[in-house]
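Participant:
As C-alpha cells, then:
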C-alpha cells in the first residue's frame with residue numbers, strides 16, 4: 467500500500483471532475499514520452515484549481531542539452547507561455563511523477579504554484595519532503611501544499627524499469 471504524504475494544507479478533494487489518479491495519469495503519459503526519447507521518464511502536468519489542464523512537460527535535459535530541462539520546469543515554462551505571464555493563476559496544481567528536486571522547487575516557488583502532487587518520493591534529490599521541507603522554507607516568499615505518494619508504485623516502476631533496461635544495454 468502506498469503511503470500518502472501531505473504538507474501544508476492540501477484541499478480535501480481534487481478539483482471537480484478530476485481525481486488525483488486521473489491527474490497523475492496525464493503526468494505518467496508525459497513520462498512515457500520522455501522514455502521514448504531515452505530521457506529519464508519523468509512527466510508533469512499543470513492544472514488550474516478548477517481542474518483544467520494548462521500544460522504538460524517531460525524530461526528533456528539530454529535531447530535539449532539543457533540541465534534545467536526537468537519535467538516540472540518544462541511544464542511551468544509551457545504554461546507560462548500559454549498564459550503569456552511568468553506567474554501562474556492562483557491555486558494551480560502541479561502533478562509530477564517524481565518528487566521535485568531543489569531546482570524545480572525554486573521554479574515552483576517563483577511561478578507561484580498552489581500545490582504539488584507527486585508520485586514517488588526521491589530519497590536522493592527530493593526537495594519537497596525527502597531531504598528538505600520545501601513547503602515551509604522560512605525565507606521563501608510563497609508557500610504551497612503537497613500530496614505525495616499518488617500512484618507511487620506505478621511511478622517507481624516506470625523509473626526502475628527504465629534504469630534496469632539501461633543497465634542491460
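In the numbering used here, the protein residues as written are 467 to 635. C-beta atoms are modelled at their ideal positions from N, C-alpha and C, and glycine is treated no differently.
(1) Compare the Cα-Cα distances from residue 596 to each of 547, 618, 509, 566 and report the closest residue.
(2) Taking contact to mean 3 or more Cβ pairs, one atom from each stretch, closer than 8 Å, check whether the stretch 530 to 547 and the stretch 589 to 608 are in contact.
(3) For the beta strand (DSSP E) containing residue 562, name the first residue and the last one.
(4) For the stretch 480 to 493 against the stretch 612 to 630, do three or more pairs of beta-carbon atoms, one drawn from each stretch, fall closer than 8 Å, so that the two count as touching?
(5) Do you know offhand how far residue 580's Cα is from residue 612's?
(6) To the nearest angstrom, how far is it from the Cα of residue 621 to the Cα of residue 498?
(7) For the structure I just gave you, are there three or more beta carbon pairs, one from the stretch 554 to 563 and one from the stretch 499 to 512, closer than 8 Å?
Facilitator: If we stick to the structure as given:
(1) Out of 547, 618, 509, 566, 566 has the C-alpha closest to the C-alpha of residue 596.
(2) Contact between the stretch 530 to 547 and the stretch 589 to 608 is absent, because fewer than three Cβ pairs lie under 8 Å.
(3) Element bounds for residue 562: 559 to 564.
(4) In short, these stretches touch, since the Cβ pair count reaches three.
(5) If you draw a straight line from the Cα of residue 580 to the Cα of residue 612, it is about 9 Å long.
(6) Those two C-alpha atoms are separated by around 11 Å.
(7) Judged by Cβ distances under 8 Å, the stretch 554 to 563 makes contact with the stretch 499 to 512, as three or more pairs qualify.
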